[in-house]
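Quick notes on the structure that follows.
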Amino acid sequence: MLPLARNARLQVRSNQQTMKRASDFHDKYGNAILASGSIFCITVWTYTATQVGIEWNLSPVGRVTLKEWRDQ
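Mapping the sequence shown onto the UniProt record's numbering, position 39 (from 1) lands on 39, and the numbers just tick up by one.
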């Protein structure tokens, strides 16, 4: 490896080790946003599944009666 490239790599490595990275938006609020979004999603789906009255394609066994065929 060329001496110039080796020196540059060592300088970059030492700068990365000594400088602390500033926290950004995701470091500050990432987990809170993920948790609140998950809670919101679970709440909406729970409400939808229990209160809205959607027919969930339950089994028709016992509810379907046969009709006689009409002769033509």
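Cβ coordinates follow ideal geometry from the N, Cα and C atoms, glycine included.
Taking just the CA atoms, how far does residue j sit from residue i?
{"i": "residue 74", "j": "residue 37", "result": "Since the first residue of the chain shown is 1 and the last is 72, residue 74 is not available in this structure."}
{"i": "residue 51", "j": "residue 69", "result": "40 Å"}
{"i": "residue 66", "j": "residue 44", "result": "39 Å"}
{"i": "residue 48", "j": "residue 71", "result": "46 Å"}
{"i": "residue 53", "j": "residue 33", "result": "30 Å"}
{"i": "residue 64", "j": "residue 58", "result": "12 Å"}
{"i": "residue 27", "j": "residue 39", "result": "20 Å"}
If you follow the alpha helix (DSSP H) that residue i is part of, which residue opens it and which one closes it?
{"i": "residue 22", "result": "Here residue 22 belongs to no alpha helix (DSSP H), and DSSP marks it neither H nor E."}
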